[in-house]
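A.B. asks: The structure is given below, and queries will be raised subsequently.
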Amino acid sequence: LETFVGHQVLRIKTRNEEQLKKLRFLETLDHLELDFWLNPSTPALPVDVRIPAHSLQAVKIFLESHGIEYSILIEDLQVILDREKQDIVASQQM
Amino acid sequence: ERSSSTFNYGTYHSLASIYQELDNLASEYGNIVSKIQIGESYEKRPLYVLKFSTGRGNRPAIWLDAGIHSREWVTQASAMWIAKKIASDYGNDPSITSLLNNLDIFLLPVANPDGYEFTHTTNRMWRKTRSKNSGSLCIGVDPNRNWDAGFGGPGASSNPCSDSYHGPRANSEVEVKSVVDFIKNHGNIQAFLTLHSYSQLLMYPYGYKCTPPADNAELNTIGKAAANSIRSLYGTTYTVGSICSTIYQASGGSIDWSYDYGIKYSFAFELRDTGRYGFLLPAAQIIPTAEETWLGLKTIMEYVRDNPY
Chain A
448 LETFVGHQVL RIKTRNEEQL KKLRFLETLD HLELDFWLNP STPALPVDVR IPAHSLQAVK
508 IFLESHGIEY SILIEDLQVI LDREKQDIVA SQQM
Chain B
64 ERSSSTFNYG TYHSLASIYQ ELDNLASEYG NIVSKIQIGE SYEKRPLYVL KFSTGRGNRP
124 AIWLDAGIHS REWVTQASAM WIAKKIASDY GNDPSITSLL NNLDIFLLPV ANPDGYEFTH
184 TTNRMWRKTR SKNSGSLCIG VDPNRNWDAG FGGPGASSNP CSDSYHGPRA NSEVEVKSVV
244 DFIKNHGNIQ AFLTLHSYSQ LLMYPYGYKC TPPADNAELN TIGKAAANSI RSLYGTTYTV
304 GSICSTIYQA SGGSIDWSYD YGIKYSFAFE LRDTGRYGFL LPAAQIIPTA EETWLGLKTI
364 MEYVRDNPY
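Going line by line, the protein sequences match chains A and B. For the first sequence, our numbering gives the first residue as 448, with consecutive numbering after it. For the second sequence, our numbering gives the first residue as 64, with consecutive numbering after it.
This is the structure in structure tokens:
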């Protein structure tokens, strides 16, 4: 089973079309291996993106350098996945 | 010996366990529930639909599917709870009894079984089908960009490595084609409802274009009534609108196809939550999510029952 240790999910809030364009550019950078849970659409809607540990620094620097606001929704995805797995196992044992 | 009374609806299950439960429901509620195979997935897993029916012949019917995006686990889990709810409440709940005395319901709880199995065995974050793409090492097509409605337009990717890859042609995915064939062969589907997560949205066509559908006012009214029903249980708020107005342009989606095919009451639900857990909604929220979703679905189903076209 693939692990997601250190992967974070960021919630990104854009203020204008220009910032949205920057996020769409980010989407095209395959080497970052970003997984958009909510895609960039309009400034009114947030963008949620799962970022592998190896890309975290680059993405955060990119966002900060363009003045794009973000917050961390999920600090470490694997922690939540482990909890989910434990719940399933516990339920099966019951 | 197993029965649906021992199935834990408040946890996430493997595909095998879900398929076993479909048999249990069909056996336990044989008077109204039957299991139909409508096709096979790319990796040859059966596509099972539960038919809820009290009558003979081709009655007007409602289509409901879940899990076309495999990582949206709360949708498959909610569909199973809803199946049990419909089966066990027939004859006890006047609303469900009246629904099934007038309409059939077809429920496809796992629309993308290959993807679902893959999320359990290999990659919890998998969204697409598991078909091979000619000329690419990347696997899978986004099955909700693969319908014949504005296929290949805005909001879908032509890159096989993208999570929103639309596929080589409309209906290229056997999981999509099987549903299309079933709906066409049935010939009397009055509503097409599909469950996704997450964001708490209730959407109607269109996604492939931003012009409102001919029935915009009616669909909006029904959607708002359903959202009110959802909110009435636990206060969960839903945003209602067309796909284009609530999220973004997305072409090749299932409800755009069903609406253009002539199924007026076409809706897509995006279930809980709004992002705290996203696709990893804790199992403790499965039953509350299913309960409130059912209220929204029931509101739409009652409208469909009372407003044939």
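The C-beta atom is built at its ideal place from N, Cα and C for all residues, glycine as well. Keep in mind it's a predicted model, so treat the numbers as computed, not measured.
By the DSSP assignment, the beta strand (DSSP E) with L113(B) in it spans what residues?
C.D. replies: Against the second sequence, residue 113(B) aligns to sequence position 50. That run of the beta strand (DSSP E) goes 109-115.
A.B. asks: Would DSSP call V496(A) helix, strand or coil?
C.D. replies: The count along the first sequence starts at 1 and reaches residue 496(A) at position 49. Three-state DSSP puts V496(A) in a strand.
A.B. asks: Between F115(B) and chain A, is the shortest Cβ-Cβ distance under 8 Å, so that the two count as touching?
C.D. replies: To locate residue 115(B), count along the second sequence from 1; it is residue 52. Chain A contact via Cβ: absent.
A.B. asks: Using the C-alpha atoms, what's the distance from D319(B) back to A212(B)?
C.D. replies: Counting from one through the second sequence, the residue named residue 212(B) turns up at place 149. Counting from one through the second sequence, the residue named residue 319(B) turns up at place 256. C-alpha separation (whole angstroms): 6 Å.
A.B. asks: With a threshold of 16 other CB atoms inside 10 Å of the CB of E236(B), please say whether the residue is buried or exposed.
C.D. replies: Translated into positions along the second sequence, residue 236(B) becomes position 173. When all chains shown are included, E236(B) counts as buried.
A.B. asks: Looking at the strands, I want to know which residues DSSP matches up with Q100(B).
C.D. replies: On the second sequence, residue 100(B) is found 37 positions in, with the first residue counted as 1. Y111(B), per the DSSP bridge assignment.
A.B. asks: Nearest-angstrom Cα distance between R471(A) and N283(B)?
C.D. replies: Taking the first residue of the first sequence as 1, we reach residue 471(A) at position 24. Taking the first residue of the second sequence as 1, we reach residue 283(B) at position 220. Their backbone Cα atoms lie some 30 Å apart in a straight line.
A.B. asks: Let me confirm a value: G250(B) is counted as buried when at least 16 other C-beta atoms fall within 10 Å, else exposed. Which label applies?
C.D. replies: As a first step, residue 250(B) is located in the second sequence; it is residue number 187 there, counting from the start. It counts as exposed.
A.B. asks: With distances taken Cα to Cα, identify the nearest neighbour of S502(A) among K469(A), H478(A), M541(A).
C.D. replies: Residue 502(A) sits at position 55 when you count from the first residue of the first sequence. Residue nearest to S502(A) within the set K469(A), H478(A), M541(A) is H478(A) (criterion: CA-CA distance).
A.B. asks: For E355(B), which residues in the same chain have their Cβ closer than 7 Å to its Cβ, ignoring the five residues on either side in sequence?
C.D. replies: Indexing the second sequence from 1 puts residue 355(B) at position 292. Taken in chain order, the residues that qualify are I293, L296, Y297, T299.
A.B. asks: Do three or more CB pairs link the region 358-372 of chain B to the region 158-167 of chain B at distances below 8 Å?
C.D. replies: yes
A.B. asks: Can you look up Q455(A) in the DSSP assignment and give me helix, strand or coil?
C.D. replies: As a first step, residue 455(A) is located in the first sequence; it is residue number 8 there, counting from the start. Three-state result, Q455(A): strand.
A.B. asks: Any beta carbon from chain A within less than 8 Å of A174(B)'s own beta carbon?
C.D. replies: For the purposes of this step, residue 174(B) is identified with residue 111 of the second sequence, where counting begins at 1. So no, A174(B) is outside the interface.
A.B. asks: Give the DSSP-derived three-state secondary structure of D278(B) in the structure shown.
C.D. replies: Sequence index remark: in the second sequence, residue 278(B) carries index 215 (1-based). Of the three classes helix, strand and coil, the one that applies to D278(B) here is coil, per DSSP.
A.B. asks: With a threshold of 6 Å on Cβ separation, who are the neighbours of K469(A) within its own chain once the five nearest residues in sequence on each side are excluded?
C.D. replies: Residue 469(A) sits at position 22 when you count from the first residue of the first sequence. Answer for K469(A): H513, listed in chain order.
A.B. asks: Measure the beta-carbon distance from N207(B) to I131(B) and round it to whole angstroms, keeping in mind my assumption that it falls under 8 Å.
C.D. replies: Here residue 207(B) is taken as the residue at index 144 of the second sequence, counted from 1. Here residue 131(B) is taken as the residue at index 68 of the second sequence, counted from 1. Confirmed, about 5 Å.
A.B. asks: Which residues in chain B sit within 7 Å of E449(A), going by Cβ to Cβ distance?
C.D. replies: The residue you call residue 449(A) lines up with position 2 of the first sequence. Within 7 Å Cβ-Cβ: T185, N186.
A.B. asks: State yes or no: is the beta carbon of D226(B) nearer than 8 Å to at least one beta carbon in chain E?
C.D. replies: No chain E appears in this structure, whose protein chains are A and B.
A.B. asks: Which residues in chain A sit within 8 Å of S262(B), going by Cβ to Cβ distance?
C.D. replies: Position 199 of the second sequence holds residue 262(B). Within 8 Å Cβ-Cβ: L485.
A.B. asks: Kindly list, in the order they appear in chain A, the residues whose Cβ is closer than 8 Å to that of G341(B).
C.D. replies: Within the second sequence, the letter at position 278 stands for residue 341(B). Near G341(B) (Cβ distances below 8 Å), the residues of chain A are V456, W484, D495, L520, I521.
A.B. asks: So, does the region 224-244 of chain B touch the region 99-112 of chain B, judging by three or more C-beta pairs under 8 Å?
C.D. replies: yes
A.B. asks: Give the single residue among F214(B), L113(B), L258(B), G178(B) whose Cα lies nearest to the Cα of A146(B).
C.D. replies: The residue labelled residue 146(B) in the question sits at position 83 within the second sequence. Across the set F214(B), L113(B), L258(B), G178(B), the C-alpha of L113(B) shows the shortest separation from the C-alpha of A146(B).
A.B. asks: To which residues of the same chain is Y111(B) closer than 8 Å at the C-beta, ignoring the five residues directly before and after it?
C.D. replies: Within the second sequence, numbered from 1, the residue matching residue 111(B) stands at position 48. Cβ within range, chain order: Y82, L85, K98, I99, Q100, I101, L171, P172, V173.
A.B. asks: With three or more beta-carbon pairs closer than 8 Å as the criterion, would you say the region 195-206 of chain B touches the region 299-312 of chain B?
C.D. replies: These segments do not touch.
A.B. asks: DSSP three-state label for I318(B), please.
C.D. replies: As a working note, residue 318(B) is residue 255 in the second sequence. It is helical.
A.B. asks: Would D177(B) be called buried (16 or more neighbouring beta carbons within 10 Å of its own) or exposed?
C.D. replies: Here residue 177(B) is taken as the residue at index 114 of the second sequence, counted from 1. It is buried - the Cβ of D177(B) has at least 16 other Cβ atoms within 10 Å.
A.B. asks: Just to make sure I have the definition right: I need the residues of chain B whose C-beta is within less than 8 Å of the C-beta of D477(A). Which are they?
C.D. replies: Locating residue 477(A) in the first sequence gives position 30, counting from the first residue. Here the neighbours are C224.
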